[in-house]
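Encoded as C-alpha cells, the structure appears first; notes follow it.
Chains as they are written, first to last, in UniProt numbering: chain A, 1 to 215; chain B, 1 to 423.
Now the structure itself:
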C-alpha cells in the first residue's frame with residue numbers, strides 16, 4: 001500500500017516512515033508542508049495520505065484545507081489527518097462531503113501502533129476513522145434531545161459507530177457478540193429516527209449527520 | 001509666651017525681612033507681564049483708529065492673532081518668574097505647550113488656550129492692579145514717612161515749615177500714616193503674591209481634572225497592551241511547546257510503541273520496561289496536551305469560542321450541557337479570557353465539586369459577554385482559598401469584567417462572569 005506523508009516535524013516524519021516501512025507500507029513521498037503534499041499526491045496517486053493539520057506557513061489548519069482540496073481533486077486518495085488536538089468543527093468540515101476514506105485522529109494515537117495501523121488500513125480501504133475524542137465532542141453538541149432516550153450501552157455503540165467501526169469492530173471493543181451489536185444498532189436507528197443504511201460508511205454518515213444537527 | 005509665634009510671624013513680615021522683599025520684587029516684576037496681554041491687544045489703536053468696518057475687523061483680527069501668538073512666550077516668562085523668584089515649578093500644559101508656535105492660533109477650541117487667555121487678559125491684570133497697589137504702598141509709605149522730617153528740615157520761611165503748629169501736626173500725622181503703610185506693605189505684597197501664585201497655578205499649569213483624565217486614558221491603554229502582551233506570550237508558549245516538546249514526545253512514544261510491537265526475543269524484564277516507558281510516554285502526552293490546550297488553542301482564533309469550548313467540554317468526565325451564542329465574535333483578547341474562565345471553572349468543578357452535571361453558557365448580550373458555569377455539586381467554594389478562583393477573578397478583572405460566585409454549602413455552585421466584548 002502506497003502512502004504519502006505530510007508532517008512538518010522532521011523527527012515525527014522519520015518516525016512515521018520507519019513505522020510504515022517496518023509494517024509493510026510503501027512511503028511514496030514525505031513532505032513538510034501543504035503545497036508539497038498536494039504536488040506529491042498529484043504525482044504519486046497514493047492509496048492514502050497521512051496529513052498533519054498544523055503545518056507551515058500559518059500553523060493553524062493548513063492540513064484540513066489541503067485535505068478538502070484533495071477530496072475535490074483526487075477523491076480516490078484516502079486522507080488520514082493527524083492533529084495534536086482534534087476539533088469537532090474541522091471534522092464537520094471534512095465530513096460534510098462524504099465519510100469514505102477519511103480519518104481524523106489525535107497524533108498520540110500513532111503511539112498505539114496496531115490501533116493506528118488498523119485505522120490507516122480502514123481509511124485506505126474507503127472506511128472512516130474518527131478519534132473517540134471528536135466523537136465525544138460531537139455527542140456533546142446534541143444533548144437534551146433524542147440522545148437522552150438511548151441506554152448507556154446504546155450510547156457506547158453509537159460513539160463507536162461514529163468513529164467508523166464495523167459491527168465486528170464494535171463487538172470486539174465492547175466484548176459482546178456481533179448479533180448483540182446489531183440489535184443495539186437497530187434500537188439506536190429506531191430511537192433516533194435515522195434512515196436504515198447499508199454499508200459502514202453510509203451508516204457513519206447517517207450518524208454524523210444526526211450528530212451535526214442536520215438530520 | 002503665646003505671643004512669641006505671633007511676634008515671629010510679624011517679624012517675618014517686617015518691612016526689612018527677606019520675605020517682604022522677595023514678595024515685593026515678585027509682585028512688582030509681574031506687573032509689566034500681566035499688562036502685556038492688553039498692551040499687545042490694544043497696541044495698534046493709539047496709532048491708527050480705522051473708521052470703516054472692514055479695516056476695523058482686520059485690525060481686530062490682527063491684534064487677536066498677535067495676542068494669541070504671544071501667549072506662549074508670556075506664559076513661559078510667567079512660569080519662569082515663579083520658578084526663579086519663588087522656586088515654584090508650574091509644569092507645562094499638554095495641549096498648549098506642545099506643537100508648533102502658530103498652532104496656538106487653531107487652539108480656540110481648546111480649553112487650555114482659554115484658561116491661559118483668562119490669566120493674561122482678566123486675572124493677570126487684576127493681580128497687576130494689586131501689584132501697583134503694593135508698589136504704591138511702599139512708595140507712599142516712604143514718602144509720607146519722610147514728611148515730618150522734611151517739614152522739620154524746611155527753613156522757617158517756607159509756608160510748609162513746621163514752625164506753623166497746624167503744619168507740624170499734619171506732617172506728624174502723615175508720617176505716622178507713612179510708617180503704617182510701610183508696615184502694611186509687606187502684608188499687601190504677600191497677599192498679592194498668594195493671589196498671583198494661585199491664579200498662575202490654576203490657569204497656567206495643567207488642569208487637574210484634565211490631567212487625571214489623561215492619566216486614566218494612558219493607564220487604560222497601558223493595561224490593554226499588558227493584557228495583549230500576556231496573551232501573545234501565552235500563544236508563543238503554546239506554539240513553542242507544540243513545535244518542541246510535544247513533537248518529541250509523540251516521536252518517543254511512537255518509537256517505544258514500535259519497539260513494543262516489533263521486538264521479539266527480548267527478555268521479559270526488558271519488555272516490561274519498554275511497556276512501562278511506552279505507557280508513561282502516552283500519559284505524559286495527554287498531560288502535556290491538556291496543559292497546552294489550556295493556554296490558547298489554535299481553533300479559538302480560527303473558529304471562535306463555540307468551537308474551542310466544545311473541545312474542553314468534551315474532555316470533562318461529567319455530563320456537560322454547552323450553549324454558546326456569541327455572534328458577532330468578541331475581540332480575541334476577550335475570547336481568550338472567556339476560554340480561560342470556562343476552562344478553569346470546569347477544572348475546578350471536576351476537582352472539587354463532586355458534581356454529576358455542568359451547564360456552561362456563553363451568551364452575548366449587546367456589548368457584554370456573559371459566561372455561566374453552573375454545577376450540581378457540593379458547593380462551599382471559597383474564592384479566598386485556592387489559587388484557581390483567585391486567578392480566574394484576576395484575569396477577568398484585567399479586561400474590566402465582573403466575576404461572581406454563588407456557592408452555598410451543600411451546593412449548587414454558579415460562577416457568573418461578564419466581560420466587555422470589545423477591548
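For every residue, glycine included, the Cβ atom is placed at its ideal position computed from N, Cα and C.
task: Kindly indicate which residue of 367(B), 416(B) and 369(B) has the alpha-carbon position closest to the one of residue 383(B).
output: 416(B)
Using 8 Å as the threshold, is the stretch 58-68 of chain A in touch with the stretch 265-277 of chain B, meaning 3 or more CB pairs across them?
no
- request: Grab the span of the alpha helix (DSSP H) containing residue 134(A) for me, first residue to last.
  value: 132-140
Burial state of residue 114(B), where buried means 16 or more other Cβ atoms lie within 10 Å:
exposed
Spatial neighbours of residue 203(B) within its chain, please: CB distance less than 8 Å, with the 5 preceding and 5 following residues excluded, ordered by chain position.
115, 116, 118, 119 and 123
Quiz item: Taking the C-alpha atoms as reference points, what is the distance between residue 174(A) and residue 165(A)?
Solution: 12 Å
Going by DSSP in three states, residue 253(B) sits in which element: helix, strand or coil?
helix
Touching by the beta-carbon criterion (3+ pairs, under 8 Å), the stretch 325-332 of chain B and the stretch 109-126 of chain A:
no
Original post:
For residue 343(B), does the count of other Cβ atoms within 10 angstroms reach 16, so buried, or fall short, so exposed?
Top reply: buried
**OP:** Kindly list the residues whose CB is nearer than 6 Å to the CB of residue 181(A), restricted to its own chain and excluding five residues on each side of it in sequence; keep chain order.
**Re:** 167, 170 and 171
Q | DSSP bridge partner residues for residue 357(B) (one or two, in chain order) | A | 319(B)
Margin query: At the level of alpha carbons, what is the spacing between residue 391(B) and residue 17(A)?
Written below: 44 Å
- Since I believe residue 300(B) is in contact with residue 434(B) (beta carbons under 8 Å), could you give me their beta-carbon distance rounded to a whole number of angstroms? Absent from the structure is residue 434(B), since the part of chain B shown begins at 1 and ends at 423.
What residues from chain B crowd round residue 69(A), counting only those whose CB sits closer than 9 Å?
The contacting residues do not exist; residue 69(A) stays about 17 Å from chain B at best.
Of the residues 46(A), 115(A) and 4(A), which one's Cα is nearest the Cα of residue 33(A)?
4(A)
Within the 8 Å Cβ cut-off, does residue 352(B) reach chain A? no
query: With burial defined as no fewer than 16 other Cβ atoms inside 10 Å of the residue's Cβ, what is the status of residue 296(B): buried or exposed?
result: buried
Between residue 302(B) and the rest of its own chain, which residues show a CB-CB distance below 7 Å, the 5 nearest in sequence each way excluded? none
- Item | Partners in chain A for residue 425(B), counting only beta-carbon separations shorter than 8 Å | This structure cannot speak to residue 425(B), because chain B is shown only from 1 to 423.
Practice prompt. Please go through the same chain and pick out, in chain order, the residues whose beta-carbon is closer than 7 Å to the beta-carbon of residue 259(B), but skip the five residues on each side of it.
Written response: 274
- [ ] Find the nearest neighbour of residue 42(A) within the set 97(A), 113(A), 152(A) and 72(A), judged by alpha-carbon distance.
- [x] 72(A)
With C-beta atoms as the reference, is residue 31(B) less than 8 Å away from residue 131(B)?
yes
* To do: Taking residue 247(B) as the reference, give the member of 85(A), 97(A) and 203(A) with the closest Cα.
  => 85(A)
**Asked** Should the stretch 187-206 of chain B be called in touch with the stretch 155-166 of chain B, which here means at least 3 C-beta pairs below 8 Å?
**Response** no
For the stretch 254-284 of chain B, list the beta strand (DSSP E) runs that are entirely contained and at least 3 residues long, ordered along the chain.
-> none
Can you look up residue 414(B) in the DSSP assignment and give me helix, strand or coil? strand
Short Cβ contact (8 Å threshold) for residue 379(B) with residue 408(B):
yes
**Message:** Can you give me the C-alpha to C-alpha distance between residue 169(B) and residue 163(B), rounded to a whole angstrom?
**Reply:** 10 Å
- Within the UniProt domain "Response regulatory" (2-122) of chain A, note down every full beta strand (DSSP E) run reaching 3 residues or more, in order along the chain. 2-6, 26-31, 48-52, 78-83 and 102-106
Would you call the CB atoms of residue 124(A) and residue 48(A) closer than 8 Å? yes
Touching or not, the stretch 144-157 of chain A and the stretch 87-103 of chain A, by the rule of three or more beta carbon pairs under 8 Å?
no
- Message: Contact defined as beta carbons within less than 8 Å: I believe residue 244(B) pairs with residue 278(B). What is the distance between those atoms, to the nearest angstrom?
- Response: 21 Å between Cβ atoms; not a contact.
- Where residue 312(B) falls, given that 16 or more other Cβ within 10 Å makes a residue buried: buried
- Using three-state DSSP, classify residue 154(B) as helix, strand or coil. coil
Could you name the residues of the same chain whose beta carbon sits closer than 8 Å to that of residue 145(B), not counting the 5 residues immediately before and after it, in chain order?
175, 178, 179, 181 and 182
From 219(B), 371(B) and 215(B), pick the residue whose C-alpha is nearest to that of residue 420(B); which is it?
371(B)
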